[in-house]
Each structure stands twice: as structure tokens, then as C-alpha cells.
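*Asks:* These protein sequence lines are chains A and B, in that order. Residue 221, in full-length UniProt numbering, is where the first sequence stops; the numbers in between run on with no holes. Residue 498, in full-length UniProt numbering, is where the second sequence stops; the numbers in between run on with no holes. Think of the CB as a built atom: it goes at the ideal place given N, C-alpha and C, for glycine as much as any other residue. Since the model is a prediction, treat every value here as computed from it, not as a measurement.
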Amino acid sequence: MAAAGSGAGGGGRSFSFKVVLLGEGCVGKTSLVLRYCENKFNDKHITTLQASFLTKKLNIGGKRVNLAIWDTAGQERFHALGPIYYRDSNGAILVYDVTDEDSFQKVKNWVKELRKMLGNEICLCIVGNKIDLEKERHVSVQEAETYAESVGAKHYHTSAKQNKGIEELFLDLCKRMIETAQVDEKARGNGSGQSGTARRGVQIIDDEPQAQSSGGCCSSG
Amino acid sequence: MSLKSERRGIHVDQSELLCKKGCGYYGNPAWQGFCSKCWREEYHKARQKQIQEDWELAERLQREEEEAYASSHSTQGAQSLTFSKFEEKKTNEKTRKVITVKKFFSASSRTGTKKVLTGKLREIQDVRTPSPSINRQVSIETDRASKEFIEFLKTYQKPGQDIYKQCKIFLEAMHQKRELSIEEQSECAQDFYQNVAEKLQIRWKVSPEKVEKAMDHIEKYVMTRLYKYVFCPETTEDEKKDLVVQKRIRALHWVTPQMLCVPVNEEIPEVSEMVVKAITGIIEMDSKRVPRDKLACITQCSKHIFNAIKITKNEPASADDFLPTFIYIVLKGNPPRLQSNIQYITRFCNPSRLMTGEDGYYFTNLCCAVAFIEKLDAQSLNLSQEDFDRYMSGQTSPRKQEPENWSPDMCLGVKQMYKNLDLLSQLNERQERIVSEAKKLEKDLIDWTDGIAKEVQDIVEKYPLEIKPKNQPLAAIDSENVENDKLPPPLQPQVYAG
Ligand SMILES: Nc1nc2c(ncn2[C@@H]2O[C@H](COP(=O)(O)OP(=O)(O)OP(=O)(O)O)[C@@H](O)[C@H]2O)c(=O)[nH]1
Ligand SMILES: [Mg+2]
Ligand SMILES: [Zn+2]
Numbered sequence: 001m002a003a004a005g006s007g008a009g010g011g012g013r014s015f016s017f018k019v020v021l022l023g024e025g026c027v028g029k030t031s032l033v034l035r036y037c038e039n040k041f042n043d044k045h046i047t048t049l050q051a052s053f054l055t056k057k058l059n060i061g062g063k064r065v066n067l068a069i070w071d072t073a074g075q076e077r078f079h080a081l082g083p084i085y086y087r088d089s090n091g092a093i094l095v096y097d098v099t100d101e102d103s104f105q106k107v108k109n110w111v112k113e114l115r116k117m118l119g120n121e122i123c124l125c126i127v128g129n130k131i132d133l134e135k136e137r138h139v140s141v142q143e144a145e146t147y148a149e150s151v152g153a154k155h156y157h158t159s160a161k162q163n164k165g166i167e168e169l170f171l172d173l174c175k176r177m178i179e180t181a182q183v184d185e186k187a188r189g190n191g192s193g194q195s196g197t198a199r200r201g202v203q204i205i206d207d208e209p210q211a212q213s214s215g216g217c218c219s220s221g
Numbered sequence: 001m002s003l004k005s006e007r008r009g010i011h012v013d014q015s016e017l018l019c020k021k022g023c024g025y026y027g028n029p030a031w032q033g034f035c036s037k038c039w040r041e042e043y044h045k046a047r048q049k050q051i052q053e054d055w056e057l058a059e060r061l062q063r064e065e066e067e068a069y070a071s072s073h074s075t076q077g078a079q080s081l082t083f084s085k086f087e088e089k090k091t092n093e094k095t096r097k098v099i100t101v102k103k104f105f106s107a108s109s110r111t112g113t114k115k116v117l118t119g120k121l122r123e124i125q126d127v128r129t130p131s132p133s134i135n136r137q138v139s140i141e142t143d144r145a146s147k148e149f150i151e152f153l154k155t156y157q158k159p160g161q162d163i164y165k166q167c168k169i170f171l172e173a174m175h176q177k178r179e180l181s182i183e184e185q186s187e188c189a190q191d192f193y194q195n196v197a198e199k200l201q202i203r204w205k206v207s208p209e210k211v212e213k214a215m216d217h218i219e220k221y222v223m224t225r226l227y228k229y230v231f232c233p234e235t236t237e238d239e240k241k242d243l244v245v246q247k248r249i250r251a252l253h254w255v256t257p258q259m260l261c262v263p264v265n266e267e268i269p270e271v272s273e274m275v276v277k278a279i280t281g282i283i284e285m286d287s288k289r290v291p292r293d294k295l296a297c298i299t300q301c302s303k304h305i306f307n308a309i310k311i312t313k314n315e316p317a318s319a320d321d322f323l324p325t326f327i328y329i330v331l332k333g334n335p336p337r338l339q340s341n342i343q344y345i346t347r348f349c350n351p352s353r354l355m356t357g358e359d360g361y362y363f364t365n366l367c368c369a370v371a372f373i374e375k376l377d378a379q380s381l382n383l384s385q386e387d388f389d390r391y392m393s394g395q396t397s398p399r400k401q402e403p404e405n406w407s408p409d410m411c412l413g414v415k416q417m418y419k420n421l422d423l424l425s426q427l428n429e430r431q432e433r434i435v436s437e438a439k440k441l442e443k444d445l446i447d448w449t450d451g452i453a454k455e456v457q458d459i460v461e462k463y464p465l466e467i468k469p470k471n472q473p474l475a476a477i478d479s480e481n482v483e484n485d486k487l488p489p490p491l492q493p494q495v496y497a498g
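1) Please find out if some non-hydrogen atom of ligand 1 comes closer than 8 Å to the beta-carbon of A:Val27.
2) According to the neighbour-count rule (16 or more other Cβ atoms, all chains shown, within 10 Å of its Cβ), is B:Lys486 buried or exposed?
3) Could you list the residues in the region 33 to 66 of chain A with a C-beta less than 8 Å from some C-beta on chain B, going in chain order?
4) Anything in chain B within Cβ reach of A:Phe170, meaning under 7 Å, just list it in chain order.
5) Alpha carbon to alpha carbon, what distance is there between B:Leu421 and B:Gly413?
6) Starting from A:Trp70, follow its DSSP beta bridges and name the residues at the other end.
7) Could you spell out where the alpha helix (DSSP H) holding B:His217 opens and where it closes?
8) Spell out a yes or no on whether the region 247 to 259 of chain B and the region 306 to 315 of chain B are touching, meaning 3 or more CB-CB pairs, one atom from each, closer than 8 Å.
9) Take the Cβ of A:Phe78 as the centre, count every other Cβ of all protein chains shown within 10 Å, and call the residue buried at 16 or more, exposed below.
10) What are the boundary residues of the beta strand (DSSP E) that A:Gly128 is part of?
11) If I measure Cβ to Cβ from B:Cys23 and keep anything under 8 Å in the same chain, skipping five residues before and after, which residues do I get?
12) Short of 7 Å in beta carbon distance, which residues of its chain neighbour A:Lys164, apart from the five on each side in sequence? Order them along the chain.
13) Have a look at B:Pro29, B:Arg225 and B:Lys454 and flag the residue whose alpha-carbon is nearest the alpha-carbon of B:Arg47.
14) When you compare the CB of A:Ser103 with every CB in chain B, is at least one pair closer than 9 Å?
15) If you measure from the CB of A:Asn129, is any heavy atom of ligand 1 nearer than 8 Å?
16) Would you tell me roughly how many angstroms separate the C-alpha atoms of A:Leu21 and A:Gly91, rounded to the nearest one?
17) Using the beta-carbon of each residue, which ones in chain B are nearer than 7 Å to A:Thr30?
18) Just checking A:Asp71 against ligand 2 - is the residue's beta carbon closer than 8 Å to any of the ligand's heavy atoms?
19) Between which residues of its own chain and B:Ala278 is the CB-CB distance below 6 Å, once the five residues before and five after are set aside?
20) Say the cut is 8 Å; is the CB of B:Thr224 nearer than that to a heavy atom of ligand 1?
21) As an exercise, report each continuous alpha helix (DSSP H) stretch of at least 4 residues that is fully enclosed by the region 75 to 107 of chain A, in chain order.
22) What is the rounded straight-line gap between the Cα of A:Lys18 and the Cα of A:Lys154?
23) Could you compute how far the alpha carbon of A:Ser150 sits from the alpha carbon of B:Asp191?
24) For the candidate residues B:Pro29, B:Lys228 and B:Leu200, whose alpha-carbon lies nearest to that of B:Ile218?
25) Where do the ends of the beta strand (DSSP E) carrying A:His155 lie?
26) Using the beta-carbon of each residue, which ones in chain A are nearer than 7 Å to B:Gln416?
27) According to DSSP, simplified to helix, strand and coil, what is B:His73?
28) Return yes when the C-beta of A:Asp100 is under 8 Å from any heavy atom of ligand 2, and no when it is not.
29) Could you tell me the alpha carbon to alpha carbon distance between B:Lys177 and A:Asn120, rounded to whole angstroms?
30) Between B:Tyr391 and B:Ile298, is the Cβ-Cβ spacing less than 9 Å?
31) State buried or exposed for A:Val107, treating a residue as buried only when at least 16 other CB atoms are found within 10 Å of its CB.
32) According to DSSP, is B:Leu17 part of a helix, a strand, or is it coil?
33) Quick one: list the residues of chain A neighbouring B:Ala371, beta-carbon separation under 7 Å, in chain order.
34) Let's see if you can read the secondary structure: which residues bound the alpha helix (DSSP H) around B:His175?
35) Measure from the alpha carbon of B:Ala214 to the alpha carbon of each residue in B:Glu148, B:Glu239 and B:Thr236, then state which is nearest.
36) Taking 8 Å as the cut-off, is the CB of A:Gly82 close to at least one heavy atom of ligand 1?
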């Protein structure tokens with residue numbers, strides 16, 4: 001990770017993103033992140049202590065990305081706490097179970113709420129999970145994709161069980177968040193010294209022109 | 001069973017509640033464990049001391065800067081030597097501090113800095129008051145923080161000096177802003193964090209890891225100093241909200257883990273141990289001064305919760321496991337000054353840590369837990385409104401229904417024993433309530449006398465009893481009157497010839 005590709009012409013930058021996971025109980029939110037971050041599924045001997053806050057470091061075209069994935073409590077009685085969770089997040093992954101029509105309706109509610117509270121600054125992903133159970137599908141692909149497009153979200157199909165579509169989902173989301181962050185930065189006219197607005201969300205760190213080339217400096221931290 | 005697991009681990013020694021000065025009054029964490037009166041005295045002394053210290057540090061740094069500049073051509077060996085000296089000095093008695101500092105610098109920096117020094121010293125003398133005898137407890141802590149900070153900054157060389165300068169300017173600015181609203185002060189702190197971080201990244205090209213580390217130290221240094229002014233300030237509703245939450249949690253004492261669907265089984269000894277540790281952790285938060293240290297307490301508490309869940313369920317905890325358990329821990333622990341702590345962290349913590357870091361996640365869950373507790377109703381516990389109301393009013397307690405769940409073939413003696421145990425635990429609960437009420441009453445009384453004493457003192461200060469010199473004797477009135485001479489002579493009685 002030390003060789004973060006500073007020569008890759010991407011400007012050796014690093015981004016920190018907060019992504020919230022939303023969705024009804026049992027649609028597979030936890031399974032999805034555990035598969036992504038630990039490559040585990042329903043593993044009883046799992047050594048992970050918890051799956052509510054997980055991180056992943058990525059390198060996308062020379063840009064370093066620190067992803068923090070926030071699981072949220074999905075039970076109905078905690079619904080009102082949503083805004084406390086998704087405040088300041090750069091992305092949201094809204095998961096439904098393709099075999100459960102109800103869970104798709106819940107996703108629609110979340111989308112409405114997120115757009116209302118955070119506007120277009122947040123990158124939305126709608127995820128139909130459990131596609132290994134294709135035979136029992138209750139939400140049509142057509143309907144889900146049309147809906148996603150209509151609300152400016154991207155749609156993905158995944159299976160935590162068979163490890164399908166998950167890498168793509170997160171990679172795509174990261175690219176979109178980087179884009180949003182850069183647009184945001186341009187809009188601020190690069191004058192990142194401005195208080196107030198600049199403080200929100202992304203932290204952009206410019207660490208390219210370090211004199212040392214050995215990379216040993218990072219490992220000492 | 002409930003008897004034992006109910007209140008293990010957390011108990012407060014009476015002596016811990018008393019004023020640290022030993023005057024006999026109750027102390028308060030808000031006043032660093034002193035009573036209001038002793039605190040005011042100590043605080044005044046400490047402030048004088050701090051002003052003095054600040055100058056000494058500034059002076060020291062100034063000298064270092066020049067020294068470093070002077071010796072930049074010489075070998076590096078000398079520098080590492082000064083480091084070890086510094087280390088050594090840390091353990092020295094504070095009375096010897098000045099001397100050590102002098103020794104430390106005398107080697108090379110005597111010549112060039114004289115002029116600056118004398119100028120600085122004069123300024124110090126202006127600020128200093130005659131007797132800076134100090135309260136050890138508070139000042140040792142700030143003193144240690146300052147030393148550690150300086151020592152840390154040395155590893156950053158030039159940017160380190162810049163950081164120090166900016167911190168000074170910031171602390172100065174915060175001092176000026178003391179009269180402003182807490183939101184404005186928070187804004188000022190947040191701007192400061194952001195500007196320093198940006199400057200380190202862009203101007204000094206410091207690596208992200210090192211920036212993060214520096215930010216931690218900066219936060220520690222400035223917030224150790226600002227804590228007493230910006231934690232639960234009188235200008236806010238924080239304290240009032242604290243009491244509301246505290247009362248609310250007390251009123252919810254009947255909530256069981258089952259109602260919240262808490263996935264921990266406290267009958268497993270390791271689990272119940274984790275629960276106690278988690279409660280201790282969250283209670284400890286209040287005793288820390290630096291936002292990051294407070295966050296560390298929350299994180300520590302969360303880790304114990306995860307362990308408790310992991311032992312019970314044998315799978316990694318998801319948010320749906322974690323949040324209800326956290327709520328349960330908060331209800332059980334009733335941590336002091338919850339709102340004040342949350343507000344303080346929100347206002348003065350380095351924002352990047354709160355937004356994306358792991359600590360931020362647990363902190364957010366604490367906010368959620370408190371929000372949930374505040375709004376909690378029958379529905380959120382899956383209870384009927386009637387049951388909820390009855391529990392809230394204290395008419396019944398949900399635990400009382402347990403006997404009906406016993407298997408009918410249970411031996412009579414055992415049944416009787418459980419009944420007795422239940423009665424005992426209720427009795428115990430009542431007694432605890434009485435004791436705590438009595439304590440509260442006692443504290444109120446003390447606060448009241450304290451308050452009156454303070455009022456009287458304030459009034460005395462405001463309208464000091466001045467004994468004016470006695471009026472001058474009446475004769476003096478005439479003597480001062482110079483005009484007297486110009487008056488016509490007094491009329492004489494005239495005699496008319498008869
Ligand atoms: N067949 C199949 N089952 C899945 C898949 N993903 C998750 N599951 C199962 O769905 C159930 C629920 O998964 P979780 O990951 O706990 O769901 P969740 O959304 O985190 O649920 P809550 O934490 O209760 O909100 C588990 O039994 C998983 O084994 C999948 O892709 N395919
Ligand atoms: Mg889950
Ligand atoms: Zn006292």
C-alpha cells in the first residue's frame with residue numbers, strides 16, 4: 001500500500017469517504033460488507049469482532065481511497081435515527097432482497113428521505129441482493145432499473161453468497177464519489193481555505209511531491 | 001440472580017465525592033473535583049501560573065528556533081543530545097524547571113538571543129503577579145501536556161514551530177472570544193483545525209499520516225487548556241439537558257434487555273463482565289478533558305459491547321445488534337452529563353475524526369442511543385400503551401410477572417425462595433432509591449449554602465463596605481473660604497440719640 005502509485009500521473013491524492021448501508025432487516029447488508037471486506041459468508045469461525053463499521057483501502061488510478069462503511073440499524077423502531085447516521089455521508093448503499101417485494105418498497109422510502117435531506121451531493125446505489133435465488137425473484141429487473149434511473153441512482157445486482165457483483169458495486173461507487181468530490185472542489189474554486197463549506201465531507205489530501213522516494217516514510221507512521 | 005448481576009462493579013467511594021481540598025464540602029467534576037469555592041481559588045492561581053508558563057514556553061521556543069538556525073550548519077549529533085536532555089527534564093521537579101531550561105540552552109544560544117529575551121522577559125513581568133503558588137493537580141496536567149506537545153513538535157522541525165505559533169494565536173483568539181456564544185467559539189476551533197491541517201498538507205508537504213498524528217496532538221494541547229471554559233458553559237442549556245436525560249434514564253429503570261432485543265446473555269459470566277466494563281467505559285468518558293480521549297472511552301465501551309455480543313451469538317455484531325446493546329448500556333450506566341459531553345465533542349473535536357473515522361461511528365451510535373432514549377415510547381419497546389404507562393408511573397415492574405412463567409412442578413421451597421429473593425431485591429431497590437435521594441438532598445443543601453455564600457460574597461464584592469473619612473470639622477468650612485476677606489464688615493448695632 002505504500003507504493004500508492006505516485007508516478008501514475010493521477011496526482012497521488014487520497015480521499016476519505018463515508019458510505020452508509022441502508023435497508024430492511026435480513027436483506028443481506030451485513031453479509032454484503034463482510035463479503036467485500038473479509039471475503040467471508042456465513043462463516044461461523046469468523047474472526048471479525050464486528051461488522052457494523054468496516055474499512056477498506058483502495059487504489060483507483062493512483063488515487064488512494066479510504067472507504068468507511070457504516071452499517072445502520074434496520075429495525076423499524078430505529079428508523080427515526082436515520083438522519084443521525086447518514087449525516088455527512090458521501091454515498092449510500094440501499095439494499096433490498098430480490099425475493100422480497102416489501103424490501104424494495106422500503107428502499108424507495110429511503111431514497112426519498114435521503115434526497116430530501118442530502119440533495120444530490122450523495123451518490124446512491126440501489127442493490128438487489130440474493131440473485132442466487134433467481135427462481136424466487138419477486139422484484140422485476142426492469143422495474144428496479146427504471147426506478148433507479150428515475151431517481152438518479154445506479155442499480156446493481158449482487159449475491160453475497162456467491163460473491164457476485166460486489167467488487168463492481170464498490171469500485172463503481174468509489175469512482176462516482178471521487179468524481180463528485182472533484183466537481184465539488186472545482187465549484188469551490190480550489191480555494192480550499194474557505195471555512196464553512198470546505199469543511200464538509202471529503203478530506204482531500206495532496207501528498208504527491210514528497211522528496212523521499214523510498215516509501216519508507218509511510219511505514220514508520 | 002438479578003440481585004447479583006444488577007449492580008456489580010460500579011460503586012463510588014464517598015470520599016471521591018468530596019472536595020479535593022478537604023474542606024468538607026462536596027466536589028464536582030466540573031470544577032476538577034473541588035467545591036465551587038475552592039475551585040475558584042485554585043482556578044485563579046492556575047490561570048496566573050498558566051500565563052507565566054505560556055510565556056516561558058514561548059520564550060523557550062523562540063530560543064530553540066534561533067538555536068536551530070544557528071546550528072543548522074553544524075553536525076546532527078548535537079540535536080539528538082538535546083532530545084535526551086529534554087526527556088530527562090520531563091521528570092524533574094517543576095521548581096527546578098527554569099534552571100534546567102537555562103542549562104539546556106546555555107550551550108549555544110547565549111549570544112544572539114539576548115535582545116529578544118530581555119524584551120520578552122519584560123513582558124512576562126508585566127503579566128505575572130507576585131505570588132504564583134499553584135494548584136499542583138491542574139497545573140501538572142497542563143504542564144505535562146505542554147511539555148509533551150513541545151517534545152512532539154520537535155520531531156516536526158520547522159512545521160512544528162509553525163504549529164506552535166498557530167496554536168498560540170488560536171488560544172489567544174479563543175481568549176478574546178470567551179464572551180461570544182459557544183457556537184461561534186466552536187466555529188473558531190473548527191476553522192483552526194482545518195487551517196492547520198491544510199497548511200501542513202499544502203505548505204509543508206507533510207504526509208497524511210503525520211498530519212493526522214499532529215492534529216491529535218494539537219487537539220490535545222489546545223483542548224486541555226480550553227476545556228474549563230468551553231465544556232458545559234453557563235451560557236448554554238447543556239446542563240439543563242443533562243439533568244433531563246439523567247432523570248429520563250432513571251425513570252426507565254424498568255426496561256429489560258428483552259424489550260430492547262439485546263443480543264447479550266448476562267448469565268454467561270464473561271458476558272456480564274464485558275457489560276460491566278462497557279458501563280465503566282462510558283461512565284469514564286466524563287472524566288476526560290480532551291475530545292479524543294472522550295471518544296476513546298466510547299470506543300472502548302463499544303469494543304466491550306462487541307465482545308459481549310460475540311461471546312453470546314458467536315458471530316460478528318451488526319448494527320442491529322450493536323445499537324440496542326449500546327442503548328441498554330447507556331440505560332444501565334446513566335453516564336453523567338451525557339448531553340454536555342456529546343455537545344462538547346461535536347463542537348471541539350477534530351472534524352475529520354468524527355466524520356469518517358471509527359471513533360466517529362461509535363460516537364454517532366451514542367448520539368443515536370441518546371436520541372432513542374429521549375423519544376422512547378411504548379411502541380419502541382413493543383409494549384402496549386397501558387403497560388408502558390404503568391411501568392413509567394412505577395405502579396408495577398415488569399419483573400414481577402416472572403413468577404407466572406415458572407414451571408408448575410417447581411418445588412415449593414424453591415418457589416418461596418425466589419419470591420423472597422424478589423422481595424429482597426425490591427426492598428434493596430427502594431433502599432437504594434432512598435439513599436440516593438438522601439444524598440441528593442444533602443448535596444442540594446450544600447449547594448444551597450454554597451450558593452448563598454457565593455451570593456453574599458458577590459454582593460460584598462460589588463458593594464464593598466467603605467469607611468469614609470469623617471466629615472471635617474465645621475470650622476474648616478470658614479477657613480477655606482478665601483472670599484471671606486472681601487465681605488463687608490459685620491453690621492454694628494447703631495445707637496440713635498434719644
Ligand atoms: N441466498 C442468499 N442468502 C443471503 C445472501 N445474502 C445474505 N443472505 C442471507 O440472508 C440472511 C440475512 O443476512 P444479513 O446479512 O444478516 O442481513 P442484514 O441486512 O444485515 O440484516 P439485519 O442486520 O437484520 O438488518 C442471512 O441468513 C444470510 O445468510 C445472498 O446473497 N444469497
Ligand atoms: Mg445486519
Ligand atoms: Zn472545598
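*Replies:* Working from what's here:
1) yes
2) exposed
3) Leu34, Lys44, Ile46, Thr48, Leu49, Gln50, Ala51, Ser52, Phe53, Thr55 and Asn66
4) Near A:Phe170 there are no residues of chain B at all, since even the closest Cβ is about 16 Å away, more than 7 Å.
5) 12 Å
6) A:Val20 and A:Phe53
7) Pro208 to Val230
8) no
9) buried
10) Cys123 to Asn129
11) Cys35, Lys37 and Cys38
12) Ile131 and Thr158
13) B:Arg225
14) no
15) yes
16) 9 Å
17) Ser318
18) yes
19) Cys301, His304, Ile305 and Ile329
20) no
21) 82 to 86
22) 18 Å
23) 39 Å
24) B:Leu200
25) Lys154 to His157
26) Those do not exist, as B:Gln416 stays about 39 Å from chain A at its closest Cβ, beyond 7 Å.
27) The pLDDT assigned to B:His73 is 46, lower than 50, so where the model puts this residue is not dependable; a value taken from the coordinates is nonetheless given after this. Of the three classes helix, strand and coil, the one that applies to B:His73 here is helix, per DSSP.
28) no
29) 36 Å
30) no
31) buried
32) helix
33) Leu81 and Ile84
34) Gln157 to Gln176
35) B:Glu148
36) no
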